[in-house]
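Beneath this line is the structure, given in structure tokens, with notes to follow.
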Amino acid sequence: CRMSLIKLVDPKEFIHLLRIFNTTVKGNQKVGFALRAVKGIGRRFSHVILKKAQIDLNKRAGELTEEEINKLAEIVNNPQEYNIPLWMLNRQKDVKDGTWTQLVANNWDTKLREDLERMRKIRCHRGLRHFWGLRVRGQRTKSTGRTGRTIGYEKKKQLYIPAICFQHSYLN
Numbered sequence: 005c006r007m008s009l010i011k012l013v014d015p016k017e018f019i020h021l022l023r024i025f026n027t028t029v030k031g032n033q034k035v036g037f038a039l040r041a042v043k044g045i046g047r048r049f050s051h052v053i054l055k056k057a058q059i060d061l062n063k064r065a066g067e068l069t070e071e072e073i074n075k076l077a078e079i080v081n082n083p084q085e086y087n088i089p090l091w092m093l094n095r096q097k098d099v100k101d102g103t104w105t106q107l108v109a110n111n112w113d114t115k116l117r118e119d120l121e122r123m124r125k126i127r128c129h130r131g132l133r134h135f136w137g138l139r140v141r142g143q144r145t146k147s148t149g150r151t152g153r154t155i156g157y158e159k160k161k162q163l164y165i166p167a168i169c170f171q172h173s174y175l176n
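First residue of the sequence shown? That's 5 in our numbering, and the numbers climb one at a time after it.
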């Protein structure tokens with residue numbers, strides 16, 4: 005039988021919805037899972053930044069203080085200063101300046117859009133496939149992925165002519 009410790013929190017201090025990195029995060033979830041709502045922060049990275057900030061993993065997101073939220077933001081903005089390994093970062097060796105960074109929320113969306121635009125502009129294979137809305141990573145497209153596309157051939161409907169029985173006078 006697994007016992008869990010229930011920690012009573014003053015309802016005035018508990019925040020049910022909080023904003024972290026321009027994202028609304030549910031306060032009733034544990035901090036590690038609540039941070040996953042932010043684009044660019046996954047399961048492993050959230051656990052690492054919580055350990056670097058010395059925040060209890062069993063704490064709820066609504067129990068975080070303003071200082072702890074600022075500490076998390078500081079670690080995400082400067083991961084190399086807190087000895088987070090480079091292979092964990094989601095923007096490795098940027099094309100323009102060669103830096104290794106962790107992108108979150110709006111910055112992640114902006115960089116993705118810029119990358120797709122750059123690939124389309126130089127007319128590389130990946131850029132063109134993105135532009136045409138086709139599969140990019142070498143998947144087969146002959147028979148799968150047809151949803152949302154027009155179907156090439158449709159049978160014509162044949163007219164239904166009912167068989168009419170004629171009574172001929174010479175058959176009687």
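Glycine included, C-beta positions come from ideal geometry on N, C-alpha and C.
If you drop the 5 nearest sequence neighbours on each side, which residues of the same chain put their C-beta closer than 7 Å to that of residue i?
i, result
"A38", "V29, K30, A65"
"G149", "R139"
"S50", "G36, L39, R40"
"A109", "F25, N26, T27, V42, K43, G44"
"G142", "none"
For residue i, which residues of its own chain have a beta-carbon under 8 Å away from its beta-carbon, when the five flanking residues on both sides are left out?
i, result
"L90", "Q84, Q96, W104"
"H134", "L120, M123, R124, V140"
"L21", "T28, V29, K30, G31"
Could you please give me the residues that DSSP links to residue i through a beta bridge?
i, result
"R95", "T105"
"K2", "Past the edges of the chain, shown from 5 to 176, lies residue 2, and the structure says nothing about it."
"V3", "The first residue shown for the chain is 5 and the last is 176, placing residue 3 beyond what the model contains."
"T27", "I24"
"K34", "R64"
Considering only residues of the same chain and omitting the five flanking positions on each side of residue i, which have a CB-CB separation below 6 Å?
i, result
"W112", "K43, G44"
Rounded C-beta distance between residue i and residue j? I'm assuming under 8 Å.
i, j, result
"K34", "L61", "7 Å"
"Y86", "K56", "5 Å"
"I59", "V80", "Between V80 and I59 the Cβ distance is about 13 Å, and since that is not below 8 Å, they are no contact."
"K92", "R127", "Residue identity check: residue 92 is Met in the sequence provided, not Lys. About 33 Å separates the two Cβ atoms, so there is no contact after all."
Pick out the complete alpha helix (DSSP H) segments inside the region 40–75, 4 residues or longer, and give them in chain order. 47–56
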